[in-house]
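J.:
In the numbering used here, the protein residues as written are 3 to 535.
#1: For residue 333, which three-state DSSP category applies?
#2: Measure how close the beta-carbons of residue 268 and residue 257 come, nearest whole angstrom, since I'm counting them as under 8 angstroms.
#3: Going straight from the alpha carbon of residue 532 to that of residue 242, what length do you get?
#4: Roughly how many angstroms lie between the CA atoms of residue 77 and residue 503, to the nearest whole one?
#5: Could you spell out the range, first to last residue, of the beta strand (DSSP E) harbouring residue 81?
#6: Whose CA, out of 43, 314, 291, lies closest to the CA of residue 300?
#7: Just verifying my parser: in three-state terms, what is the DSSP assignment at residue 301?
#8: Pull up the CB-CB distance for residue 218 and residue 493, whole angstroms please, since I reckon it's below 8 angstroms.
#9: Taking the alpha carbon of residue 35 as the point to measure from, which residue in 220, 350, 175 has its own alpha carbon closest?
#10: Give the list of continuous beta strand (DSSP E) stretches no shorter than 3 residues that lie fully inside the stretch 437-471.
#11: Kindly indicate which three-state DSSP category residue 231 falls into: helix, strand or coil?
#12: Run through DSSP, which three-state label would residue 137 get?
#13: When the Cα of residue 296 is compared with those of 451, 307, 38, 316, which residue comes out closest?
#14: Whose C-alpha, out of 419, 12, 344, is nearest the C-alpha of residue 94?
#15: Compute the Euclidean distance between the alpha carbons of residue 101 and residue 345, then round it to the nearest angstrom.
#16: Could you check the C-alpha separation between residue 394 and residue 70 for me, to the nearest Å?
#17: Just to check my reading of the structure: residue 306 and residue 507 have Cβ atoms closer than 8 angstroms, yes? What is that Cβ distance to the nearest angstrom?
#18: Whole angstroms is fine: what's the gap from residue 515's alpha carbon to residue 320's?
#19: So, for residue 179: in the same chain, excluding its five sequence neighbours on each side, which residues have a beta-carbon less than 8 angstroms away from its beta-carbon?
#20: Inspect the beta-carbon positions of residue 352 and residue 381 and report whether they are closer than 7 angstroms.
#21: Enumerate, from N- to C-terminal direction, the unbroken alpha helix (DSSP H) stretches of 4 or more residues contained entirely within the stretch 331-391.
#22: Expressed to the nearest angstrom, what Euclidean distance is found between the alpha-carbon atoms of residue 42 and residue 158?
#23: Could you check what DSSP says for residue 127 in three-state terms: helix, strand or coil?
#24: Taking 8 angstroms as the cut-off, does the stretch 464-475 touch the stretch 424-434 (at least 3 CB pairs, one atom from each stretch)?
#25: Distance check for residue 419 and residue 7, CA to CA, integer angstroms please.
#26: If we call anything under 7 angstroms between Cβ atoms a contact, is residue 340 one with residue 369?
#27: Relative to the C-alpha of residue 401, which candidate in 91, 167, 292, 416 has its C-alpha closest?
#28: Mind pulling the alpha helix (DSSP H) runs of 4 or more residues that sit fully within the stretch 215-300?
#29: Determine the direct distance from the alpha carbon of residue 46 to that of residue 246, and round the result to whole angstroms.
#30: Report back the beta-carbon spacing between residue 374 and residue 349 to the nearest angstrom; my notes put them in contact at under 8 angstroms.
#31: In the structure shown, what three-state DSSP assignment does residue 53 receive?
#32: Work out the CA separation of residue 440 and residue 383 for me, nearest whole Å.
#33: Mind pulling the alpha helix (DSSP H) runs of 4 or more residues that sit fully within the stretch 14-67?
#34: Could you please give the first and the last residue of the uninterrupted alpha helix (DSSP H) stretch that includes residue 181?
#35: With respect to the beta strand (DSSP E) encompassing residue 482, which residues constitute its N-terminal and C-terminal limits?
#36: Can you name, in chain order, every residue of its own chain whose Cβ lies under 7 angstroms from the Cβ of residue 537, other than the five neighbours on each side?
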C-alpha cells in the first residue's frame, strides 16, 4: 500500500474490525483513536510492557523494547508492544485477550454496611429538606481513576434501589492521573472530558430513561482532584507541576443539563470539594462516610492506590497526606501483573513448600493483581524464600519464584524486581502513616479504627499487609475494609440533612501534610523498605 494510511485488521474475542493507521503512527495510538481498548498503564511510554499484541499477518519490525519484554519464542510467534509497533503495510493483529479484559469491580453487594450511617433509623437520618418532597430518590457517583460507580438511593430509607459500575473509559489515555494530566496538557482535554461525560450519561441513562426519572431530586459526585478537573473542563496545566495548584477545589453546585450538556434533565448536581491537588473530594467523601465529622475517637482512613491517600483524626483535628506508592498495588510494574480481571491471582498460600493460588471468579490464572502480590510476598517471607531485606534465595533469584507452572499465558513467577516494587510501594504508605501518627501526636493504641478503602482495600487480607509491614502489627483487630467510601459518602450526603455541614467541618479541621517536605519521611521510607518491622 502506497497511500498515507495503512489498514489494521483487529481480531478480538471472535470479532473483527478495521482500524486506519497513519504512516508514522503507532498501533497503540491508532487503536486508542478508534476507541479500541488495549491495556496501556504507562500511556505509551514503553515502560510497562502491557500493550501486547500478536501480529498474524504483515511485517512489523522488532523494537528494542520488544526484546526487553518478550522471549525469543514470543517474538517469533509475532508478539509486539503496540506502543512501539509502526506498520508500514496493511496487517492483521490479535489483541492479547488475557491482558485486555474487564476488571472485577467491587459493587454494593460486595461492600459491608457503613458503620456510621444507620439506614434503618429515620430518627437519626431524616429526609433532606427540599422544595420538592415528592422527589424521593437520589444518585451517588464516584468517579474513580479506574472505575465509575453509581447508586440509585431511596432518600427516605437510605436503601439502595439499583447500582451501576463500569470502567472509566479514560484509561485508554493511561492508567494513572499523571498520564491523563499530560494528555490534557497536550491538547486532549476536550477528549478526556467527553470520555467521562459519555460514561456518566451511559450509567445515568439507565435510570433517567425509566420510571425513576421524575423522582430523582439530586445527584452527588465525588472524585479525585484530577478527575474533577477533567470532568469540569478545567485546565490541568498547574496540576502536574510545582506548586501543584488546582483551578478549583470548592464545592460545585450545578445541574445535570449544565454539566453534561443535556437540556432534557434539570436535576441539581453537587460535586464534593477537595482539600488540595493530592487530597481530593473522594477523600472528603470518604471521611464523611467513616464518621470523622461526628466522632471524637481518633480514626485512620487509608485509600490504597497509585497515590495512597491517608488521613488521621476526629471531629476536632484531621491530618491528611498523599504518598506516591506507584502502581504495584494495582498490578502495575509487576512482571506478570494485571488488574483485577477474572483469572487474576488474588490469594496465595505456601504450605510444605508448595504454592497454592486462588483467582478472581475461579478462572485459569492469567496474571497476578495487587492483593495477590501482597499475599505472595507475605507467604514467601514466612516460608523463608526471601529475607528481611527482600532478597530472594539463590534458587529463585535469577528466574523468580514460580506461582503457577501452567497458566493461561504459561508460567507465572514473582521476580526479584517485583518484590522491590512492593517494597517501594509499601515503604511509601507506611512511612506516610508513621509521619501522620507522629505529627498528630498519636500512638498506635490511640487509634480506634483503621479503615481500608477502595476495591483493593476491600479485598486485602489485613494480616498479610501487617506481615510485610504495610500496616503496623499493633493495629491487629482494628482494621476494617469498608469498600468504596467515596461512593458511600455521596450516598450519605444525599440522605443526611446534616451532611453538608459535616463536610464543611471536615474541610475546616483538615490540614495537609506534605510528605516530600517532611524531615522524617525519607528516613522512615528507607527504614520501612525492609520487611523488618
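Virtual Cβ for every residue (Gly too), placed ideally from N, Cα, C. The model shown is predicted, which means the values in this text are computed figures rather than measured ones.
T.: In terms of the structure at hand:
#1: coil
#2: 5 angstroms
#3: 30 angstroms
#4: 60 angstroms
#5: 81-83
#6: 314
#7: strand
#8: With 8 angstroms as the limit, residue 218 and residue 493 do not qualify as a contact, their Cβ atoms being about 14 angstroms apart.
#9: 175
#10: 451-455
#11: helix
#12: coil
#13: 316
#14: 12
#15: Only weak support exists for where residue 101 lies, its pLDDT of 47 falling under 50; the value from the coordinates is given anyway. Going by the C-alpha atoms only, they are around 10 angstroms apart.
#16: 22 angstroms
#17: In fact, because the Cβ distance is near 26 angstroms, the residues do not count as touching under 8 angstroms.
#18: 10 angstroms
#19: 147, 226, 228, 229, 308, 309
#20: yes
#21: 372-385
#22: 43 angstroms
#23: In this prediction, residue 127 scores a pLDDT of 37, lower than 50, which makes its location untrustworthy; no coordinate-derived value is stated.
#24: yes
#25: 40 angstroms
#26: yes
#27: 416
#28: 227-234, 258-262, 283-291
#29: 24 angstroms
#30: 7 angstroms
#31: coil
#32: 28 angstroms
#33: 29-35
#34: 179-185
#35: 481-485
#36: Any answer about residue 537 is impossible in this case: the structure gives the chain only from 3 up to 535.
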